[in-house]
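Engineer: In the numbering used here, the protein residues as written are 74 to 355.
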């Protein structure tokens, strides 16, 4: 069995955690395959491009927090291999275990004592006024928000071709169930269980208090565009990563990507237990 390893180099003690994970895996006769920058952190001679992990690895371990998981899922692409997060960050809604549980994690891999939770992803298309098109994939959310003016944006949203609303707000978030515990939650959106076949549209600091989050089927197509009275440009972002300026005449189309991220979860660990732990419930 081969396990790819991607680490966040900015996390304190990253090199030590990489070495400990490699030792724990090798003890279970599992071969670690280090991503290029991860290999450099511990002075290893050669690393692997994460985009080719699917050809060599049976699973991928990501060392960091939720942000590192988002970045890693983008690098790995639509490969259908389990991804596990080793939490060395702060929140860790997406992570499988902590860096104090590396031996437990390695044994679970060796014995296949885990479950896979399919995390739905979004595909966003930015269609410019001249007809050119760019596509993006999001695990958490896509956001259309105010630019550098600091003023409210004015935008229109459609669901399956029907006008939903004209928003005056700091912006609008279209989030997956995974993203419901991230930016959407901070903006007042609902928590959504991972197995729900939905995504959520959440306004950011809307001018009207009657503007609330809306949960729609994951078979829906959501379209966003600057309104006629909008002060452009607006900023389009994907999982806090890519950023594009959106001008009058541009349009953003969001739908299910058709590929879900297989997130590895150890036996006995649940979404609800994570909520209780991370949010301090009960």
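Each residue gets a CB set at the ideal place from its N, CA and C atoms; glycine is no exception.
Secondary structure at residue 140, three-state DSSP: helix, strand or coil?
Structural biologist: Indexing the chain shown from 1 puts residue 140 at position 67. Helix.
Engineer: Should the stretch 292–299 be called in touch with the stretch 327–335, which here means at least 3 C-beta pairs below 8 Å?
Structural biologist: Touching, yes, given that three or more Cβ pairs across the two stretches are closer than 8 Å.
Engineer: Does the Cβ-Cβ distance between residue 339 and residue 187 come in under 8 Å?
Structural biologist: Locating residue 339 in the chain shown gives position 266, where the first residue counts as 1. Locating residue 187 in the chain shown gives position 114, where the first residue counts as 1. A contact, by the Cβ cut-off of 8 Å.
Engineer: In terms of residues, what are the limits of the beta strand (DSSP E) holding residue 198?
Structural biologist: If you number the chain shown from 1, residue 198 lands on position 125. Per DSSP, residue 198 belongs to the beta strand (DSSP E) from 195–200.
Engineer: Roughly how many angstroms separate the alpha carbons of residue 172 and residue 280, rounded to a whole number?
Structural biologist: The residue you call residue 172 lines up with position 99 of the chain shown. The residue you call residue 280 lines up with position 207 of the chain shown. Going from the Cα of residue 172 to the Cα of residue 280 covers about 43 Å.
Engineer: Please report the straight-line C-alpha distance between residue 178 and residue 131, rounded to a whole angstrom.
Structural biologist: Mapped onto the chain shown, residue 178 falls at position 105. Mapped onto the chain shown, residue 131 falls at position 58. When rounded, the distance between both Cα atoms is 14 Å.
Engineer: Cα separation between residue 336 and residue 302?
Structural biologist: The count along the chain shown starts at 1 and reaches residue 336 at position 263. The count along the chain shown starts at 1 and reaches residue 302 at position 229. Approximately 42 Å between the Cα atoms of the pair.
Engineer: Could you check where the alpha helix (DSSP H) with residue 239 kicks off and where it finishes?
Structural biologist: Position 166 of the chain shown holds residue 239. Careful: residue 239 lies outside any alpha helix (DSSP H), inside the beta strand (DSSP E) at 235–242.
Engineer: Using CA atoms only, rank isn't needed, just tell me which of 268, 207 and 299 is closest to residue 238.
Structural biologist: Within the chain shown, numbered from 1, the residue matching residue 238 stands at position 165. Taking only the C-alpha atoms, the option nearest residue 238 is 299.
Engineer: Ordered along the chain, which non-local residues of its own chain (more than five positions away) have a Cβ less than 6 Å from that of residue 190?
Structural biologist: Here residue 190 corresponds to residue number 117 of the chain shown, with the count starting at 1. Result list for residue 190: 267, 336 and 338, in chain order.
Engineer: Would you mind reading off the limits of the beta strand (DSSP E) that contains residue 178?
Structural biologist: The residue you call residue 178 lines up with position 105 of the chain shown. Per DSSP, residue 178 belongs to no beta strand (DSSP E); it is in the alpha helix (DSSP H), 175–184.
Engineer: Which one or two residues does DSSP pair with residue 253 in a beta bridge?
Structural biologist: As a working note, residue 253 is residue 180 in the chain shown. Per DSSP, none; premise fails for residue 253.
Engineer: Okay, do the stretch 253–268 and the stretch 315–323 touch, 3+ Cβ pairs below 8 Å being the bar?
Structural biologist: Contact between the stretch 253–268 and the stretch 315–323 is absent, because fewer than three Cβ pairs lie under 8 Å.
Engineer: Is the Cβ-Cβ distance between residue 143 and residue 83 less than 8 Å?
Structural biologist: The residue you call residue 143 lines up with position 70 of the chain shown. The residue you call residue 83 lines up with position 10 of the chain shown. It is not a contact, given that the beta carbons lie outside the stated cut-off.
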